[in-house]
Each structure stands twice: as C-alpha cells, then as structure tokens.
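Here the structure is laid out as structure tokens; the discussion comes afterwards.
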C-alpha cells in the first residue's frame, strides 16, 4: 500500500513592497482615509499654542499697560513696556482713590465668592451624594429638575431673582448677591458623578454594619473621598461668582456693596461718559489686581484635582 503526499508548495516570490518596509503601503483608518492634519501631533500642538496665546495676550496687555503713566497709556503701543515706577505709583493710586473704595470692593468679592462658593460646594456635594447613594421617593424626578437648572443660564434668572428679593426686602443688601450664589445645580451634577466614581458602595455598607449613621458615614467616610470633587466644584463656583456681573448690577445700587467687577465697570463708564481719563487707568490696573486672586486659588488647589484618594481602598 502506497501513500501519496502533497507536493511541496513553493514560497511566494518576494516583491519590492514586502522586502522593504519603507515601500509597504501605509495603513489607513477604518474609513480608508488618512488621518486629518488637525488630529496630527503638529496640528494639536498648533491648536494648543493658539489657545495659550489667546489666554496670555490679554494678561500681557494688562500687565504692560499697568506699568505706564496716563500719557503713555494712550500715546504708545499697547504691548510696549512701561516703567516699574509707574506700576508702583498706579497701585498706590488704585488703593487710595475714592477713599480706598477698591479695597472694599475686593473684600466684598472675597465674601461673595469665597464664603459663598465654600458653602455652595458643601451643599452640592451633600446633594450629589444623596442622589447617588440614598433611595427616596421621586429621586430621579428631582434630579431632572437639577439638570433643568443646569441648562438655564444665570442671566435669565437675574430678573426673577430680583423680583423675589424685592418681595423679601433684600434688594440692595449683601444677601441679595450672596444667597443666589449658594445654589449651584451643575455642582450637584458633578458631585453625583464624583460620588459614583470615588465612593464605593462596599465601604458604606461596612460603615453601616458597624453602626454608623448616614450623616456620620457621609462626614467621616464619603466626604474625604470626595475631596477632589469638592475642590473642583469649589473652583467652578468661585470663578463663576468672582466673575459675576449682571446679578450685582441688577441687585445693588450702593457702591459700598459692589463686587470688584461692577466697581471697575463704574470707573470705565466714568472714563468714557464723563471724560475722566484717570479712571480708565484705574480700571486697567484694577483689572490686573482682580485677576491675581483667581490665579492664586487655582495654583494652590490644582494638586487636588488629580489625586485619587480611594486608590487601593478595595481589593
């Protein structure tokens, strides 16, 4: 009995495209098209450079304009350097003009933004934690109302808030600007997302089995884990209140209660309408000083953004 075997198959001849990797056809995307130039490394770098330039140019103009005298401010190029002596003189004039009203505006803004955003962050984190971890009737419907509040712009709420404040007798008071800043629907949404990602259900169940109440479990376990989310919500709300303009414009008429943005607008309007060019320089230097607290807060708290405080909590 004989066995037959298949004849050996000769290897395919190598071509130039298979020998040299450089001559092989490039693989294309799933759509068969080469990657877009905007998505390449050079394109992304160029877009980031443009975004950085867009961010730094106004700050550069403010810094350079603050180092000029009133004559140089209007007689030289906006990006021409000035003199450090003029900067010191402009700062002295800024904090002494109108009996030091600018410092009062800064303190008002610190109270509105600092204290208000801190309390708003506490309320938002507590509400987001409750929406995520607790069960109660109508939870999802209430959360839908929160999302509806996220979609409504703040300027659209200024007039209704003014009417409510007028009914309560709070117009032209500190509370007319402070109280609306305590409500932050977007912070509640972020807190629920952070709670789902940072607070494991197993840890809370273990705390409840040990006899911890819901309030104690939130304060001692969940809140430390939500520290990155708390800082993020605080920075969002702090920036929003610090830059708020329309609500104080509607609510306040007493200059002693103005935040810094509204005060700078008064100086700028005075320079344009009443012919006081010195107020224009005050508005420029005051704008530069008002940016410094925002930069300082971001630099101090940015390290908390990426900290994972629950890493390794569950194995």
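Residue numbers (UniProt numbering): 1 to 315.
Just so it is clear, CB atoms sit at the ideal spot from N, CA and C, and this is done for glycine as well.
Source: prediction; values computed, not measured.
So, residue i versus residue j, is the Cβ gap smaller than 9 Å?
i           : j           : result
residue 260 : residue 91  : no
residue 132 : residue 199 : yes
residue 250 : residue 162 : yes
residue 182 : residue 120 : yes
residue 155 : residue 95  : no
residue 304 : residue 240 : no
residue 195 : residue 165 : no
residue 218 : residue 126 : yes
residue 160 : residue 242 : no
residue 301 : residue 252 : no
residue 220 : residue 206 : no
Between the alpha carbons of residue i and residue j, how many angstroms are there, rounded?
i           : j           : result
residue 190 : residue 128 : 7 Å
residue 76  : residue 295 : 28 Å
residue 291 : residue 266 : 18 Å
residue 65  : residue 58  : 10 Å
residue 29  : residue 40  : For residue 29, the predicted model reports a pLDDT of 47, less than 50, meaning its position is unreliable; a value from the coordinates is still stated below. One C-alpha to the other measures close to 13 Å.
residue 107 : residue 287 : 15 Å
residue 87  : residue 115 : 31 Å
residue 209 : residue 225 : 19 Å
residue 273 : residue 61  : 23 Å
residue 63  : residue 81  : 9 Å
residue 204 : residue 109 : 38 Å
residue 276 : residue 55  : 30 Å
residue 278 : residue 146 : 46 Å
residue 212 : residue 188 : 24 Å
residue 124 : residue 118 : 10 Å
residue 70  : residue 281 : 7 Å
residue 308 : residue 233 : Because residue 308 sits at a pLDDT of 42, beneath the cut-off of 50, its placement in the model cannot be relied upon, and the following sentence gives the value as read from the coordinates. Distance between the alpha carbons of residue 308 and residue 233: 16 Å.
residue 50  : residue 285 : 26 Å
residue 202 : residue 141 : 26 Å
residue 105 : residue 254 : 11 Å
residue 103 : residue 83  : 24 Å
residue 134 : residue 215 : 11 Å
residue 264 : residue 271 : 11 Å
When we look at the beta-carbon of residue i and count the other beta-carbons within 10 Å, is it buried (16 or more) or exposed?
i           : result
residue 298 : exposed
residue 377 : In the structure as shown, the chain begins at 1 and stops at 315. Residue 377 is therefore absent and cannot be evaluated.
residue 258 : buried
residue 139 : exposed
residue 79  : exposed
residue 74  : exposed
residue 180 : buried
residue 192 : buried
residue 100 : exposed
residue 152 : exposed
residue 262 : buried
residue 42  : exposed
residue 168 : exposed
residue 237 : buried
(request) Please confirm if the stretch 166 to 179 is in contact with the stretch 222 to 239, defined as three or more CB-CB distances below 8 Å between the two stretches. (result) no
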